[in-house]
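K.L.:
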Amino acid sequence: MTTSVRPESVPEPESNSQITTPAEEPAGAMTFFEHLSELRKRIIYSLYAIGIGAFIGVYVSKYVINWIIRP
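Mapping of the sequence shown onto our numbering: residues 46 to 116, in sequence order.
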């Protein structure tokens with residue numbers, strides 16, 4: 046016995062509601078220098094992650110190479 050699943054109806058947007066883009070929202074507005082500081086912060090975090098990953102990779106590489114060449 047199979048049961049049919051009724052699709053849920055998606056509510057239609059109200060006709061009097063205005064659609065705003067993220068650039069038009071006041072909370073999403075950033076100045077050029079705020080964007081630069083955000084970019085700097087993300088680049089620094091990325092460099093930290095790459096450095097930690099490289100350190101772990103160099104530390105583990107000896108064990109991985111020995112495991113690969115083991116007969």
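Idealized CB from N, CA, C, for every residue including glycine.
Given the structure is predicted, the values throughout are model-derived calculations rather than measurements.
1. DSSP state of E53, grouped into three classes?
2. How many angstroms separate the CA atom of V109 from the CA atom of K86?
3. CA-CA distance, E83 and G96?
P.N.:
Taking the definition as stated:
1. coil
2. A direct Cα-Cα distance of roughly 33 Å separates V109 from K86.
3. 20 Å
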